[in-house]
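All remarks here apply to the structure that follows.
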Amino acid sequence: MAEQTYLEAIRSGLREEMVRDRSIYVLGEDVALGGPFGVTKGLAEEFGASRVLNTPISEGTVVGLAVGASLLGLRPVVEVMFIDFITLAMDQLVNHAAKLHYMSGGQLRVPMTLRVQEGAMGSCGAHHSQSLEAWFLHVPGLKVVVPSNPADAKGLLKSALRDENPVVYVEHRGLYFSRGKVPEGDYVVPIGRAALVRAGKDVTVAAFGKMVGVAEQAARQLEGEGTSVEVLDARTMCPLDLETIVASVRKTRRLVVAHEAVETGGAGAEIAAQVQQEAFHILDSPVGRVGAVFAPVPASPVLEKEFVPSKEQIMKAVRQAVKWVRPAT
Amino acid sequence: MDEAERKEFLSLLQLMWTIRAFEEKVSELYAKGQVVGLLHLGIGQEGVAVGTCRALRADDYVFGGHRSHAHAIAKGADPARLLAEIAGRAAGYCRGKGGSMHLVAMDVGCVTATGVVGGTIPLALGAALVCRETGKGQIATVFFGDGAGQVGPFHESLNIASLWKLPVIFVCENNGYAEFTPLSAHTLVSRLADHAGTYNMPNVTVDGNDILAVRGAIQEAAERARSGGGPTFVECLTYRLRGHYEGDPGKYRELSEVSEWKDKDPVARFVGVLKEKGVSAGEFAAAEQQARERVDEAVRFALAAPWPSAEEVRQQVFAGD
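Protein sequence lines correspond, in order, to chains B and G.
First residue of the first sequence: 7, per the working numbering; consecutive thereafter.
First residue of the second sequence: 7, per the working numbering; consecutive thereafter.
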C-alpha cells in the first residue's frame, strides 16, 4: 500500500481507468494542462488530445455535450472545477442527465461523471467556496459521492467511472494535499456504503467529506471527557446508506450529522428525517445537525472562520445529545 | 423525372402526409380527451422534418425539441409506438414515461427530444463527438426553433461545434414565433443563420416549406460533416399552422397571416411540383390514402394498448437497478 495525497489518488484512479477503458474521455477547462490544481496533469500527454479535451468556459454546454456522448457509448468525465459553477450546468444535469434513462423507458443510459471541488477556505469568497451537493439529493436519477480521504478518493472515483448513471463526484479542495494509504491496483469502493471510521458507544457522528476528519478530532477530545463517539464517514450522499447509520444509532441511541454545507435543507435534514422515521423509538435525544452558517460564504478570513463548522461545534452538539433529558410532559 | 426519382418523390410526399395525418389525429384525440398533456403540433412544418431526415443516413443521429413528432416519424419511427407513447401507454417507445415532448426512438436514431428550449443542442455535440471518434461517417442533427436562438447554450454550442469541427447539422425551424411572441420582439437579428457566421460556421437560409430546397441544403451539410468539414447551420423559414400548443387560441397573430401561410402549405406545394412533373392525381391520392390508413392503424394500436402498471413509477430511476 502506497502513501498518496488525495489529489494523487484521484489522478491515479482516473489514469488507471483510462488505461482500462478506452471509452473514458476527460473534458473541462484547462484539463489538458492539468487543471488549476494539477489533478489531470500528464493525462493529455499519455492519452492524447482527443481523449483529454480542453473546453471553452461553457459549463452548461460542456456538461450537455458529455451527456450526449454518454448516451452513445462514451464515458465522459467532466471537470466543472468549482462546484459553484455547476449552477451553469443545472439544466443539463437536472433536466437531461438525471432523467434520460427514466424518460426514455430505459432506452438511454447516462454513464457520466462530473468532477467538482469545493470548500470554504483561503478567502475565495462566495463564488468559489460553496458546498452545494445536497441539491442533487433532491433530484431522482443522480448519484453523489463525497470522498474524505485518499483511499476513498481513488476507490469511489473508480466506482463512479464504472457506474451506468450520472455521478457527481465531490472533491474538497482542503483535502487535496492530505496524505493517506491507498491500496494499489484495482481498488474500488462501492457507491452507497458508509464507513466506520472510529467505533464508540455513546453518540454517533455521521459526517461528510472534510468534516469526517474534524469529527475524528472532536471524538478524540471528547474521549478525554469520558464520552465515547462513533464516527461514520457517510461517503455517499445519494444513495444514502441509511442502514449503516441506523445500525450505529441502534447501538449509541444518539446521532449528530456534520457537513460543511449550510445546515438548512442540507443532507443532515434528510438523514434526521429518515432516521426518526426508521428508528424514533430508539433515539434518546433529538438528531443534532452541524453545518455552516445560513449565509453566503464571506471573503474575510475572520468571517470565513466563523462560517465553517468547527470541531467545537461538533463537540457541543455531541455534549447536548449526551445530556439531553426528555422534558416532563 | 426518371423512375427512381419518381419513386423517391412519392415516398417523400407519403411521409409528409403521414406526419400531417398523424398530427391531425393527435389534435382530434386531444379534443376528445383520449390523449392528454401539453401537445405541440408541427402542422405546416412537415417539409423541414422530411426534407432533413431523408437527406440523412439511417445510422445518423437526430435530436429534437418540444415540437418533434414530425422529426421522429421522418426519421423512421413507428407511428403506432409513437402515438402509444403520446397516449401514455406501456407499448409506447418510452413505456409512457416520456410523452409528447420527450420522444426517444433509438431503433431509428432519434436519440432524444426535450421540453427545454435549446436543451438538446449540446447533446447533439456529444453525439457528433462520438460519431467522429468511431469513424463510421455518421453525423448528428439537431432540430430547434427560432426561440432557441436566444438561449445561452445555443451560442456556446455553435462556438464549440465550429471550434472542434464537429460533424453536426443545426436545423433551425424558424416559424417566426417563440410561443406567442414574434421573433422581431425577441431579437434584432432577423436572420438567425447570421449567428453561425459569427462563429465562422457555414450557413444557409432556405424556404422551409420547399421540401426539395431543405433536402438539398441538408445533403450539402451532411457531405461537409462526413468529410471532416465540420458543422453547418441550416435555417428553414416555415410556419406552424396550429397554435403553439393544442388549445392555444392563437390570438397573437392575424388570420390573414395564417391564411397567407396556408397558401404556402408544404404538402400542397409539393403536390404542385409533382403535378408539373407529370405525376397523376391517382398517385397523389394513393399516397395520402396509404398515409391515412397507416395512421388509423396507429390510433387503433395506441388506444387499445395497455396502460403501464402503477409500480412502473418507481422503476428505471437508476440504470442497473
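Think of the CB as a built atom: it goes at the ideal place given N, C-alpha and C, for glycine as much as any other residue.
Please read these numbers as outputs of a predicted model, since none were measured by experiment.
Query	Result
Candidates G:Q156, G:N209, G:Y205, G:D213: which alpha carbon is nearest S190 of chain G's?	G:Q156
To test your reading of the DSSP string, which unbroken beta strand (DSSP E) runs of 3 or more residues are found completely within the region 204–246 of chain G?	209–213, 238–243
Measure the beta-carbon distance from Q98 of chain B to V122 of chain B and round it to whole angstroms, keeping in mind my assumption that it falls under 8 Å.	At roughly 14 Å, the Cβ-Cβ gap does not stay under 8 Å, so Q98 of chain B and V122 of chain B are not in contact.
Indicate whether at least one CB of chain G lies closer than 9 Å to the CB of T242 of chain B.	no
Work out the CA separation of Q51 of chain G and V195 of chain G for me, nearest whole Å.	22 Å
Please compile the residues from chain B whose C-beta is within a distance smaller than 8 Å of the C-beta of Q322 of chain G.	H107, Y108, G111, G112
Could you tell me whether the Cβ atoms of G111 of chain B and G115 of chain G are closer together than 9 Å?	no
Where DSSP assigns a beta bridge to C137 of chain G, which residues make up the other side?	According to DSSP, C137 of chain G bridges with nothing at all.
Where A304 of chain G and I25 of chain G are concerned, what is the direct C-alpha to C-alpha distance, given to the nearest angstrom?	12 Å
Are the CB atoms of P156 of chain B and T46 of chain B within a distance shorter than 9 Å?	no
So, under 8 Å CB-CB, D239 of chain B and V262 of chain B are touching, yes? Tell me the CB distance rounded to an integer number of Å.	Incorrect: roughly 14 Å between the Cβ atoms, too far for contact.
Reducing DSSP to helix, strand and coil, say where M87 of chain B ends up.	strand
Should the region 237–253 of chain B be regarded as contacting the region 185–192 of chain B, the criterion being three or more beta carbon pairs within less than 8 Å?	no
Write down every uninterrupted run of the beta strand (DSSP E) in the region 114–165 of chain G whose length is 3 residues or greater and which is fully enclosed by it, in chain order.	116–118, 146–151
Residues of chain A with CB closer than 8 Å to the CB of G104 of chain G, please, in chain order.	The structure shown contains no chain A; its protein chains are B and G.
Under three-state DSSP, which class holds H46 of chain G?	coil
Quick one: what's got a C-beta closer than 7 Å to G274 of chain B's C-beta in the same chain, skipping five residues either side?	V263, H265, R295, G297
When the Cα of N209 of chain G is compared with those of G:A219, G:N215, G:F239, G:L280, which residue comes out closest?	G:F239
Just grab the DSSP bridge partners of L42 of chain B for me.	First, the amino acid is wrong: residue 42 of chain B is Pro here, not Leu. Answer is none; P42 of chain B lacks a bridge partner.
Determine the chain G residues that contact L77 of chain B at a beta-carbon separation under 8 Å, and present them in chain order.	V117, T118, L129, G132, A133
Can you name the start and end residues of the beta strand (DSSP E) that E236 of chain B belongs to?	235–239
Going by Cα to Cα distance, which pick from G:V220, G:G94, G:R230, G:A154 is closest to L18 of chain G?	G:V220
Count the other C-beta atoms from every protein chain shown that fall within 10 angstroms of the C-beta of E260 of chain G, then say buried if there are 16 or more, exposed otherwise.	exposed
Does T187 of chain G come out as helix, strand or coil in the three-state DSSP assignment?	strand
Consider the Cβ of S163 of chain G: report whether some Cβ of chain B lies at a distance smaller than 9 Å.	yes
P302 of chain B versus chain G: which residues are under 7 Å apart at the beta carbon?	Going along chain G, no residue has its Cβ under 7 Å from P302 of chain B, so there is no contact; the nearest lies around 24 Å.
Could you check the C-alpha separation between G249 of chain G and V177 of chain G for me, to the nearest Å?	21 Å
If you follow the beta strand (DSSP E) that R204 of chain B is part of, which residue opens it and which one closes it?	201–204
Quick check: is the beta carbon of F176 of chain G nearer than 9 Å to any beta carbon in chain B?	no
Taking the alpha-carbon positions, what's the V323 of chain G to G102 of chain G distance?	14 Å
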